[in-house]
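To convert, take the position in the sequence shown, counting from 1, and add 196; that gives this note's numbering.
Each residue gets a CB set at the ideal place from its N, CA and C atoms; glycine is no exception.
Written below as structure tokens is the structure these notes are about.
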Amino acid sequence: MKRSSEDGDGSRIIQPQKRNRTRSGTVDLDRLDCPICSKPFTVPIFQCDNGHVICDSCRPKVIKCPFCALPMGNNRCRGMESILESVTVPCRNADLGCTKYVPYGREKSNHEKEHCKFSLCSCPEAELENCKHTGFYNDMFFSHYRAYHLIKEDCFFTFGESKNVRMLISEKSLVLTTLLRSLMFVMQCIRERNGVYVMVSFVAPLSPEVEKFSYRLSYSYNGKETHTHGPVEMKNVLKVSFQIPQEEKDAMFLPNRFLRGDELELELCIKEVV
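This is the structure we're talking about:
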């Protein structure tokens with residue numbers, strides 16, 4: 197439909213009127229991939245004068261159209277871009293139970309990359325023991341971890357109660373869980389020249405549908421002074437890494453002068469954020 201309006205000089209301007217319509221259908225997704233690199237198109241999309249299209253990544257590498265040899269300039273294919281922005285596809289975790297749809301044309305949408313609650317998590321021993329297992333965050337301890345990895349004496353805790361935890365800095369991590377729920381938390385020690393970073397993470401997707409937790413750490417030294425971190429909201433991680441934390445709030449730092457050899461004894465309290 198079109199509507200008209202009058203300009204200041206009395207002439208008529210015809211303006212298109214948009215209609216909000218949605219209709220389900222099928223499309224060959226290969227048609228929405230770049231014919232050169234075969235990766236999904238993303239905005240912007242470029243075309244030659246004959247209408248042959250290529251993606252933004254291939255554009256700097258192409259002088260002439262590979263299909264008709266016409267110059268490949270900076271002409272955008274607005275029609276294709278408009279279609280692309282309207283296409284949604286099932287989340288890649290659909291086979292695992294996710295029912296949401298995501299925009300096509302992104303290598304990984306934010307939902308698929310981090311926020312889908314059905315995203316599979318890597319075993320906490322992926323790096324230290326080269327374990328390749330992946331699984332659901334709320335099932336991995338009972339279905340995998342306790343069968344294939346050593347469960348340490350200090351691993352069990354109760355939400356909201358303080359617990360004394362002993363671990364060796366050289367062991368780098370300690371997996372924690374509770375008997376009431378098959379969830380896994382990881383306390384990590386990350387060594388650097390001037391001391392040790394200590395942090396606790398929740399092995400789970402970043403989905404807002406996933407539970408949130410906070411933690412508090414206390415470390416006593418010299419028999420008198422206590423160094424405290426938190427309570428702070430715990431970070432969710434799909435895979436445990438041993439990179440030095442980027443922000444001060446993400447970990448407690450213990451200088452070398454606070455340490456007593458390789459063993460750490462801390463007080464930990466984990467609470468659910470409601």
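Would you call the CB atoms of residue i and residue j closer than 9 Å?
i	j	result
Leu434	Val399	yes
Phe449	Val392	yes
Val382	Leu460	no
Ile386	Pro441	yes
Tyr333	Pro427	no
Cys233	Phe242	no
His329	Ser318	yes
Asn289	Glu277	no
Ala322	Val406	no
What whole-angstrom Cβ distance do residue i and residue j have, given they're in contact under 8 Å?
i	j	result
Pro236	Asp245	Not quite, the Cβ-Cβ distance comes to about 25 Å (not below 8 Å), so this is no contact.
Leu324	Lys368	6 Å
Ser378	Lys313	Their Cβ separation, rounded to whole angstroms, is 15 Å, which puts Ser378 and Lys313 out of contact at 8 Å.
Val396	Met363	About 12 Å; that fails the 8 Å criterion.
Which residues in the same chain have their Cβ closer than 6 Å to the Cβ of residue i, if we skip the five residues on either side of it in sequence?
i	result
Val239	Glu277
Output needed for residue i: all residues of its chain with C-beta closer than 8 Å, excluding positions within five of it in sequence on either side, in chain order.
i	result
Thr422	Ser414, Tyr415 and Ser416
Tyr297	Thr284, Val285, Pro286 and Cys287
At least three beta-carbon pairs within less than 8 Å, the region 442-458 to the region 339-350 | no
Would you call the region 347-359 and the region 457-466 in contact, with 3 or more CB pairs under 8 Å?
-> Because the criterion of three Cβ pairs below 8 Å is met, the region 347-359 and the region 457-466 touch.
Start-end ranges of the beta strand (DSSP E) lying completely within the region 250-298, minimum 3 residues = 284-286
Taking the runs of the beta strand (DSSP E) that are 3 residues or longer, which of them lie wholly in the region 355-394?
-> 359-364, 369-374 and 377-388
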